[in-house]
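Quick note: the sequence shown uses the numbering used here, first residue 41, plus one each step.
Take a look at the structure below.
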Amino acid sequence: MDFLKIFLVSMVPMVELRGAIPFSQYLGLPLIPSYLICIVGNMLPVPFIHLFARKVLVAGKNWPVVGNMFEWILDRGEKAGKRLTAKAGRGTFLALLLFVGIPLPGTGAWTGTLAASILDMKFRETVAAVMLGVLLAGVIMMTASVLGFRLV
């Protein structure tokens with residue numbers, strides 16, 4: 041049941057595996073299976089985000105109840121995409137990988153994939169860069185979690 045919890049937590053936007061891996065260590069779960077489950081959970085929404093999120097957000101930004109939130113998400117994705125392009129130029133693959141891979145607030149798979157879709161990056165390139173970024177973020181969070189829980 042605890043593995044299901046971390047799987048579901050790793051799919052939540054803004055929390056993702058950055059929160060799920062430390063949570064798994066708090067629960068006392070084995071590290072490697074937790075890492076793998078969190079990666080799968082974090083990556084599961086990526087294809088759907090790339091293929092559908094932008095279309096839904098654009099269509100829904102004029103809806104009465106959720107329009108403002110959709111517009112905010114689109115605006116955030118566009119700004120992230122512009123920052124990625126400005127820093128990377130033609131190296132958007134590496135920039136996206138690092139954007140997703142360095143575990144800072146708001147830079148996970150959800151935001152990175154949305155930014156890539158706004159930049160019209162190819163599907164395969166996006167999924168590969170995000171996957172490598174998630175793997176990198178997972179290693180960083182796994183290391184930080186193990187060191188953090190050992191210090192406590």
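By construction, the Cβ of each residue, glycine as well, lies at the ideal position given by its N, Cα and C atoms.
Computed from a prediction, not measured in an experiment: that's the story for all the values here.
Could you have a look at residue i and say whether DSSP puts it in helix, strand or coil?
i, result
"Ile142", "coil"
"Trp150", "helix"
"Gly117", "helix"
"Pro73", "helix"
"Lys162", "coil"
"Met109", "helix"
"Gly173", "helix"
"Gly131", "coil"
"Lys95", "helix"
"Met41", "coil"
"Lys101", "coil"
For the candidate residues the options, whose alpha-carbon lies nearest to that of residue i?
i, options, result
"Leu84", "Pro53, Leu134, Phe133 and Val186", "Pro53"
"Ala198", "Ile46, Ala156 and Ile61", "One cannot answer for residue 198 here, as it falls past the ends of the chain, which runs 41 to 192."
"Gly148", "Asp115, Leu175, Val96 and Ile46", "Leu175"
"Val179", "Ile72, Gly107, Val167 and Phe88", "Ile72"
"Leu91", "Ile46, Glu56, Leu154 and Val49", "Leu154"
"Pro145", "Gly173, Val55 and Lys45", "Val55"
"Cys78", "Val106, Val167 and Lys45", "Lys45"
"Ile89", "Gly173, Gly107 and Phe163", "Phe163"
Measuring CB to CB, does residue i end up less than 9 Å from residue j?
i, j, result
"Leu69", "Phe110", "no"
"Phe139", "Leu159", "no"
"Arg116", "Thr151", "yes"
"Met181", "Arg58", "yes"
"Leu137", "Leu114", "no"
"Val167", "Pro87", "yes"
For residue i, collect the residues of the same chain with a Cβ closer than 6 Å to its Cβ; drop the 5 residues on either side in sequence, then sort them by chain order.
i, result
"Ala177", "Gly141 and Pro143"
"Gly121", "Ala155, Ile158 and Leu159"
"Gly81", "Phe47, Ser50 and Met51"
"Tyr75", "Gly178 and Met182"
Spatial neighbours of residue i within its chain, please: C-beta separation below 7 Å, excluding the five flanking residues on both sides.
i, result
"Phe133", "Glu165 and Ala169"
"Leu67", "Asp42"
"Ala128", "Leu134 and Ala135"
"Met171", "Met83"
"Gly107", "Gly100 and Lys101"
Excluding the 5 residues preceding and the 5 following residue i in the sequence, name in chain order all residues of the same chain whose CB lies nearer than 8 Å to its CB.
i, result
"Phe63", "Lys45, Ile46 and Val49"
Q) Along the chain, which unbroken stretches of the beta strand (DSSP E) at least 3 residues long are found entirely within the region 46-92? A) Counting whole runs of 3 or more residues, the region 46-92 contains no beta strand (DSSP E) stretch at all.
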